[in-house]
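Novice: So the protein sequences, as listed, match chains A and B.
For what it's worth, our numbering labels the leading residue of the first sequence as 1, then goes sequentially.
For what it's worth, our numbering labels the leading residue of the second sequence as 1, then goes sequentially.
Beta carbons are placed, not taken as given, at the ideal position from N, Cα and C, and that holds for glycine.
Protein chains: 2
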Amino acid sequence: MPDSRIHHATLRQRVVDAAHAAALIQPGETVAMSGFTGSGYPKAVPQALAAHIAQTHARGEAFRIQLLTGASTAPELDGALAQVDGLAMRMPFQSDPNARKQINAGKLDYLDIHLSHVAQHVWFGFYNEIDTAVVEVSAILEDGALVPTTSVGNNKTWLDLAKKVIIEVNQWQPVEMLGMHDIYYGTALPPHRLPIPMAHGDDRIGQTTLRCDPDKIAAVVLTDAPDRNSPFNPVDADSARIAGHLIDFLKHEVARGRLPANLLPLQSGVGNIPNAVLAGLASSGFHGLEAYTEVIQDGMLELLKSGVLRYASCTGFAFSPEANEEFRRNLAFYRSRIILRSQEISNHPELVRRLGCIGMNGMLEADLYGNINSTHVMGSSIMNGIGGSGDFARNGFLSVFLSTSTAKHGSISSIVPMVSHVDHTEHDVAVIVTEQGLADLRGLSPKQRARAVISHCAHPDYRDGLQDYFDRACRDSYAKHTPHLLPEALSWHQRWLQTGTMQPSANR
Amino acid sequence: MPDSRIHHATLRQRVVDAAHAAALIQPGETVAMSGFTGSGYPKAVPQALAAHIAQTHARGEAFRIQLLTGASTAPELDGALAQVDGLAMRMPFQSDPNARKQINAGKLDYLDIHLSHVAQHVWFGFYNEIDTAVVEVSAILEDGALVPTTSVGNNKTWLDLAKKVIIEVNQWQPVEMLGMHDIYYGTALPPHRLPIPMAHGDDRIGQTTLRCDPDKIAAVVLTDAPDRNSPFNPVDADSARIAGHLIDFLKHEVARGRLPANLLPLQSGVGNIPNAVLAGLASSGFHGLEAYTEVIQDGMLELLKSGVLRYASCTGFAFSPEANEEFRRNLAFYRSRIILRSQEISNHPELVRRLGCIGMNGMLEADLYGNINSTHVMGSSIMNGIGGSGDFARNGFLSVFLSTSTAKHGSISSIVPMVSHVDHTEHDVAVIVTEQGLADLRGLSPKQRARAVISHCAHPDYRDGLQDYFDRACRDSYAKHTPHLLPEALSWHQRWLQTGTMQPSANR
Numbered sequence: 001m002p003d004s005r006i007h008h009a010t011l012r013q014r015v016v017d018a019a020h021a022a023a024l025i026q027p028g029e030t031v032a033m034s035g036f037t038g039s040g041y042p043k044a045v046p047q048a049l050a051a052h053i054a055q056t057h058a059r060g061e062a063f064r065i066q067l068l069t070g071a072s073t074a075p076e077l078d079g080a081l082a083q084v085d086g087l088a089m090r091m092p093f094q095s096d097p098n099a100r101k102q103i104n105a106g107k108l109d110y111l112d113i114h115l116s117h118v119a120q121h122v123w124f125g126f127y128n129e130i131d132t133a134v135v136e137v138s139a140i141l142e143d144g145a146l147v148p149t150t151s152v153g154n155n156k157t158w159l160d161l162a163k164k165v166i167i168e169v170n171q172w173q174p175v176e177m178l179g180m181h182d183i184y185y186g187t188a189l190p191p192h193r194l195p196i197p198m199a200h201g202d203d204r205i206g207q208t209t210l211r212c213d214p215d216k217i218a219a220v221v222l223t224d225a226p227d228r229n230s231p232f233n234p235v236d237a238d239s240a241r242i243a244g245h246l247i248d249f250l251k252h253e254v255a256r257g258r259l260p261a262n263l264l265p266l267q268s269g270v271g272n273i274p275n276a277v278l279a280g281l282a283s284s285g286f287h288g289l290e291a292y293t294e295v296i297q298d299g300m301l302e303l304l305k306s307g308v309l310r311y312a313s314c315t316g317f318a319f320s321p322e323a324n325e326e327f328r329r330n331l332a333f334y335r336s337r338i339i340l341r342s343q344e345i346s347n348h349p350e351l352v353r354r355l356g357c358i359g360m361n362g363m364l365e366a367d368l369y370g371n372i373n374s375t376h377v378m379g380s381s382i383m384n385g386i387g388g389s390g391d392f393a394r395n396g397f398l399s400v401f402l403s404t405s406t407a408k409h410g411s412i413s414s415i416v417p418m419v420s421h422v423d424h425t426e427h428d429v430a431v432i433v434t435e436q437g438l439a440d441l442r443g444l445s446p447k448q449r450a451r452a453v454i455s456h457c458a459h460p461d462y463r464d465g466l467q468d469y470f471d472r473a474c475r476d477s478y479a480k481h482t483p484h485l486l487p488e489a490l491s492w493h494q495r496w497l498q499t500g501t502m503q504p505s506a507n508r
Numbered sequence: 001m002p003d004s005r006i007h008h009a010t011l012r013q014r015v016v017d018a019a020h021a022a023a024l025i026q027p028g029e030t031v032a033m034s035g036f037t038g039s040g041y042p043k044a045v046p047q048a049l050a051a052h053i054a055q056t057h058a059r060g061e062a063f064r065i066q067l068l069t070g071a072s073t074a075p076e077l078d079g080a081l082a083q084v085d086g087l088a089m090r091m092p093f094q095s096d097p098n099a100r101k102q103i104n105a106g107k108l109d110y111l112d113i114h115l116s117h118v119a120q121h122v123w124f125g126f127y128n129e130i131d132t133a134v135v136e137v138s139a140i141l142e143d144g145a146l147v148p149t150t151s152v153g154n155n156k157t158w159l160d161l162a163k164k165v166i167i168e169v170n171q172w173q174p175v176e177m178l179g180m181h182d183i184y185y186g187t188a189l190p191p192h193r194l195p196i197p198m199a200h201g202d203d204r205i206g207q208t209t210l211r212c213d214p215d216k217i218a219a220v221v222l223t224d225a226p227d228r229n230s231p232f233n234p235v236d237a238d239s240a241r242i243a244g245h246l247i248d249f250l251k252h253e254v255a256r257g258r259l260p261a262n263l264l265p266l267q268s269g270v271g272n273i274p275n276a277v278l279a280g281l282a283s284s285g286f287h288g289l290e291a292y293t294e295v296i297q298d299g300m301l302e303l304l305k306s307g308v309l310r311y312a313s314c315t316g317f318a319f320s321p322e323a324n325e326e327f328r329r330n331l332a333f334y335r336s337r338i339i340l341r342s343q344e345i346s347n348h349p350e351l352v353r354r355l356g357c358i359g360m361n362g363m364l365e366a367d368l369y370g371n372i373n374s375t376h377v378m379g380s381s382i383m384n385g386i387g388g389s390g391d392f393a394r395n396g397f398l399s400v401f402l403s404t405s406t407a408k409h410g411s412i413s414s415i416v417p418m419v420s421h422v423d424h425t426e427h428d429v430a431v432i433v434t435e436q437g438l439a440d441l442r443g444l445s446p447k448q449r450a451r452a453v454i455s456h457c458a459h460p461d462y463r464d465g466l467q468d469y470f471d472r473a474c475r476d477s478y479a480k481h482t483p484h485l486l487p488e489a490l491s492w493h494q495r496w497l498q499t500g501t502m503q504p505s506a507n508r
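(1) Just to confirm before moving on: does the CB-CB distance between S413/A and T404/A stay below 8 Å?
(2) Going along chain A in order, which residues have a C-beta closer than 7 Å to the C-beta of Q448/B?
(3) To the nearest whole angstrom, what separates the beta carbons of I183/B and K216/B, a pair I think is in contact under 8 Å?
(4) Let's see if you can read the secondary structure: which residues bound the alpha helix (DSSP H) around T30/A?
(5) When the distance is taken between beta carbons, is V277/A closer than 8 Å to A243/A?
(6) Would you say the stretch 460-468 of chain B touches the stretch 261-274 of chain B, given that touching needs at least three Cβ pairs under 8 Å?
(7) Taking the straight line between their C-alpha atoms, what separation do you get for P42/B and G35/B?
(8) DSSP on V235/A, reduced to helix/strand/coil?
(9) For N507/B, which residues of its own chain have a beta-carbon under 6 Å away from its beta-carbon, when the five flanking residues on both sides are left out?
(10) Under 6 Å Cβ to Cβ from M89/A, same chain only, skipping five residues before and after it: list those, please.
(11) Let's test the definition: count the other Cβ atoms within 10 Å of the Cβ of S306/B and tell me whether it reaches 16, buried, or not, exposed.
(12) Using only the alpha-carbon positions, how far apart do I273/B and S230/B sit?
(13) For L490/B, decide whether its Cβ has a neighbour in chain A, counting only Cβ atoms nearer than 8 Å.
(14) Is C457/B helix, strand or coil when you go by DSSP?
(15) Hey, could you find the ends of the alpha helix (DSSP H) V118/A is sitting in?
(16) Can you give me the C-alpha to C-alpha distance between L222/B and F232/B, rounded to a whole angstrom?
(17) Check this for me: beta carbons of P190/B and G356/A, under 8 Å apart or not?
(18) Quick test of the definition: if touching needs 3 or more C-beta pairs under 8 Å, does the stretch 309-326 of chain A touch the stretch 283-297 of chain A?
(19) For F36/B, would you say it is in contact with chain A, using Cβ-to-Cβ distances shorter than 8 Å as the test?
(20) Using a Cβ-Cβ cut-off of 8 Å, state whether M33/B counts as contacting chain A.
(21) Could you check the C-alpha separation between I339/A and E488/B for me, to the nearest Å?
(22) Pick from A32/B, M198/B, P260/B: whose alpha carbon is nearest that of F397/B?
(23) For D391/A, which residues in the same chain have their Cβ closer than 7 Å to its Cβ, ignoring the five residues on either side in sequence?
(24) State the Cα-Cα distance for the pair S239/B and P214/A, rounded to the nearest angstrom.
(25) To which residues of the same chain is W496/B closer than 8 Å at the C-beta, ignoring the five residues directly before and after it?
(26) State the start and end residues of the unbroken beta strand (DSSP E) segment that holds V165/B.
(27) Quick one: does F392/A have its CB under 8 Å from some CB of chain B?
(28) What does the Cβ neighbour count give for P504/B, buried or exposed, with the cut at 16 atoms within 10 Å?
(29) 8 Å is my cut-off, CB to CB: does D160/A come that close to chain B?
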């Protein structure tokens with residue numbers, strides 16, 4: 001196997017097993033790994049490192065690292081290292097249940113960062129120096145060039161900045177992906193930055209491989225292991241309704257001349273609701289669509305296959321096992337239609353604004369005035385993180401937030417008087433959609449927004465309660481620009497914590 | 001006077017008095033006016049319109065308009081129109097006491113918008129069509145080109161999009177300013193946008209005048225009236241301390257190699273504290289500084305004069321009467337050092353990120369976790385608006401927020417358990433400074449931020465109360481990532497509403 005995937009003579013001699021490679025990582029190190037939304041993460045070294053940490057802890061010695069990635073990874077990485085209490089700091093995004101438990105228990109310091117900020121902030125020196133990078137590739141070419149796999153994330157930055165590098169060559173990843181990536185090496189630190197030379201989302205502005213000084217590569221590990229490839233749920237009735245409302249709105253915008261007939265480049269968050277929107281677009285009559293997004297998931301592949309979507313630019317995949325099979329089976333078809341970029345480019349404010357992306361992201365809750373909570377359950381417990389939603393919501397053409405109107409079997413209203421945490425402010429939210437309907441907040445003052453959100457988005461079980469709060473706030477609030485009753489503003493969340501439902505007892 | 005300032009034959013024939021021009025504006029119109037931070041706003045037509053509205057109301061007839069500007073204006077515009085209840089909608093920013101009173105009484109719908117978003121959202125069709133534009137210029141050239149005055153704001157967009165245009169030619173504005181402006185006509189709607197060809201903040205990428213189809217210009221009004229030119233307070237001890245902390249920090253960043261010796265382009269909000277920072281920079285030993293900002297105020301002129309600042313790019317002036325005199329006296333000197341641009345360019349995310357601006361903005365309050373409230377007193381009463389602070393905080397190199405640690409004679413703590421409104425999220429805030437000290441939040445988790453904010457920024461009178469809240473939240477919060485006690489989170493604000501101070505009674 002080394003012969004077929006490692007074509008650089010010196011690096012072929014650096015092949016070791018995962019345990020030997022992991023042993024290069026010292027306690028306290030800042031370690032930057034590949035991986036974005038469950039794709040392209042190292043499969044073997046993190047688990048070997050976790051085993052090594054567990055042994056060290058068993059001897060009564062301390063061993064924790066600071067861990068940076070592109071975004072979320074998988075049980076073999078975040079899960080394994082959290083399980084052995086091996087993480088002292090984690091950034092910029094994660095979604096692993098074990099790590100989440102540690103974060104919300106107050107045992108793991110988690111930094112929840114805009115995904116477009118990560119690489120530049122590391123370059124700026126805002127974080128520790130990167131001691132070790134661990135990056136998955138599918139092959140090493142004769143000249144040492146590294147062929148990326150199913151995500152790019154921050155790999156360029158990690159390889160540029162790390163003092164030492166461990167490469168995992170994953171035989172499971174198709175070598176035929178060579179040529180799909182577009183790695184832009186034109187970034188610089190201010191005051192030396194220049195315009196990014198991209199006018200269309202499918203422009204290629206970089207090279208197809210990553211580079212790394214071979215002298216820095218301390219170990220090469222061979223793996224043959226699949227990406228996480230989590231299944232998606234089939235589209236349920238509520239998700240289909242949400243998708244329907246949004247697609248009707250987009251058609252209306254085209255009819256009014258506010259959007260071109262083929263829309264503008266779509267950005268779509270990950271999850272069942274965004275996937276339902278993509279499925280809805282497949283049969284919507286739209287053609288020639290474009291996607292300039294972080295992650296492509298099952299629905300995007302289907303849109304590409306049916307020809308509704310012309311291309312998809314992303315930084316990583318989040319496929320179900322079936323979509324992964326489809327991708328591999330028809331790789332020649334997808335090769336010319338998918339471009340994988342560094343996440344600083346996929347999410348770049350300059351490009352998101354220039355291209356005019358339509359940002360479509362999930363949310364946990366929205367409040368009457370259009371503030372969005374994407375991250376915190378009941379104000380204190382983090383779910384995943386903001387990810388790239390802020391990059392697109394602030395800088396794109398249109399920012400859309402999607403959720404069912406209730407959660408946890410109806411015990412939680414996704415529309416609340418005041419959100420318990422703000423990730424997207426009233427200044428950044430154009431459209432809110434639930435299965436109940438769509439609130440178009442553009443051009444509305446706070447009180448006008450409240451009326452739209454209550455009547456179009458709230459679940460009937462909670463609508464009267466919201467209207468009652470709003471009416472009393474309009475009457476009794478200290479001021480009437482953004483009326484609030486402060487002692488009650490967060491009382492729905494507190495009621496859920498105390499009683500298990502946001503419904504007042506009289507209504508139960 | 002018309003002869004010396006109006007060189008276009010046809011337009012010279014359109015000169016009318018302000019009352020006749022104002023009579024062109026019909027009830028219900030969407031009217032877009034020039035003006036940014038008290039400079040370059042029309043001086044006569046708004047007052048004539050206000051008189052006309054008052055007469056109409058006196059007859060028992062309705063007359064209100066929707067008003068768009070660049071940013072805040074002056075008593076002659078916002079004040080006059082609010083006074084006669086002539087505004088149905090106001091955007092994107094204002095700071096007039098009369099208008100504020102109407103907004104907080106719930107009588108005037110106010111839309112508080114990122115200043116870089118305004119022009120493009122109007123182009124996108126997110127608002128009503130512009131019926132009338134009222135724009136101040138200093139002269140009309142032979143070919144009909146319009147010479148801008150002390151602010152550019154959204155004037156290019158208003159002139160391009162309005163159905164009819166009223167021009168005020170203000171003799172008070174120096175004609176020698178011709179050549180200082182840089183009006184970029186390369187913007188487009190997506191998908192036709194191209195990179196903005198600017199690499200340095202002093203690059204000129206446009207033309208020196210505004211253009212407008214003379215056939216659209218329905219009236220020209222002659223004025224001779226000064227800009228608002230509000231005085232600044234002399235630098236007080238607290239502002240000087242805030243400036244000192246920030247300048248020490250910037251020097252530290254240079255010493256650590258994280259900033260060039262001449263820093264990066266400075267953006268500075270308007271007000272006494274930012275002005276104190278500029279005054280501090282004058283004697284700090286820095287040289288070759290640059291400013292890429294919205295507004296230049298007194299301190300910037302002093303920095304230019306002393307040679308500490310190489311140039312200042314802005315979209316408007318906010319001078320005191322003395323600074324205005326200085327500017328006029330030495331206009332030849334400032335001509336080559338000041339560039340006035342459209343606000344979509346002065347605040348453009350693409351440029352703010354490329355240039356790596358250092359954003360320095362005031363705030364009303366910050367919370368333990370680094371969320372910033374820039375706009376709402378006690379969660380419901382709007383002060384002014386977010387202005388351009390979000391354009392710079394999200395996309396710049398560094399986002400700094402500044403305030404004294406208390407307000408209203410110590411009855412309000414600017415550091416609170418949870419802010420009562422969020423304008424800048426935890427994801428967007430790098431540094432918080434009060435006269436007590438500076439909290440560097442980069443690379444910190446929420447709880448680490450809380451410790452930094454309490455120990456470095458809180459006033460001693462409130463420090464124990466904040467520490468007590470934080471300790472109990474760390475113990476009793478639902479989850480421990482962002483510990484909060486929801487029934488208490490906004491109790492400091494409620495206590496102020498009820499008792500006039502955030503101090504618990506035991507401490508009074």
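Specialist: Straight from the coordinates:
(1) Cβ distance not < 8 Å, so S413/A and T404/A don't count as in contact.
(2) One finds D109 in chain A with Cβ atoms closer than 7 Å to the Cβ of Q448/B, taken in chain order.
(3) Not confirmed; about 17 Å, so no contact.
(4) Secondary structure note for T30/A: it is in no alpha helix (DSSP H), and the uninterrupted beta strand (DSSP E) holding it is 30-33.
(5) A contact, by the Cβ cut-off of 8 Å.
(6) Cβ pair count under 8 Å is below three, so no.
(7) About 7 Å.
(8) Secondary structure at V235/A: coil, using DSSP grouped into helix, strand and coil.
(9) Only weak support exists for where N507/B lies, its pLDDT of 49 falling under 50; the coordinates are left without a value.
(10) Beyond the five residues adjoining it in sequence on each side, M89/A comes within less than 6 Å, by CB distance, of Q66, D109 in the same chain, given in chain order.
(11) With fewer than 16 other Cβ atoms within 10 Å, it is exposed.
(12) The alpha-carbon atoms of I273/B and S230/B are separated by roughly 15 Å.
(13) Yes, because at least one Cβ of chain A sits closer than 8 Å to the Cβ of L490/B.
(14) Helix at C457/B.
(15) In the DSSP assignment, V118/A falls within the unbroken alpha helix (DSSP H) covering 118-123.
(16) Inter-residue distance for L222/B and F232/B is about 29 Å (C-alpha atoms, whole angstroms).
(17) Against a cut-off of 8 Å, the Cβ pair of G356/A and P190/B comes out as a contact.
(18) With contact defined as three or more Cβ pairs closer than 8 Å, the stretch 309-326 of chain A and the stretch 283-297 of chain A are in contact.
(19) No, F36/B does not count as interfacial toward chain A.
(20) Not an interface residue.
(21) Roughly 49 Å separates the two Cα atoms.
(22) Nearest of A32/B, M198/B, P260/B to F397/B, Cα basis: P260/B.
(23) Within the same chain, D391/A has close Cβ partners H114, L115, S116, N347, P349, V352.
(24) Between the alpha carbons of S239/B and P214/A lies a gap of roughly 53 Å.
(25) The residues are M378, S411, I412, M502.
(26) Boundaries of the beta strand (DSSP E) harbouring V165/B: 164-170, taken from the DSSP string.
(27) Interface flag for F392/A against chain B is unset, since no Cβ pair is found closer than 8 Å.
(28) It is exposed - the Cβ of P504/B has fewer than 16 other Cβ atoms within 10 Å.
(29) It does not; no Cβ of chain B falls within 8 Å.
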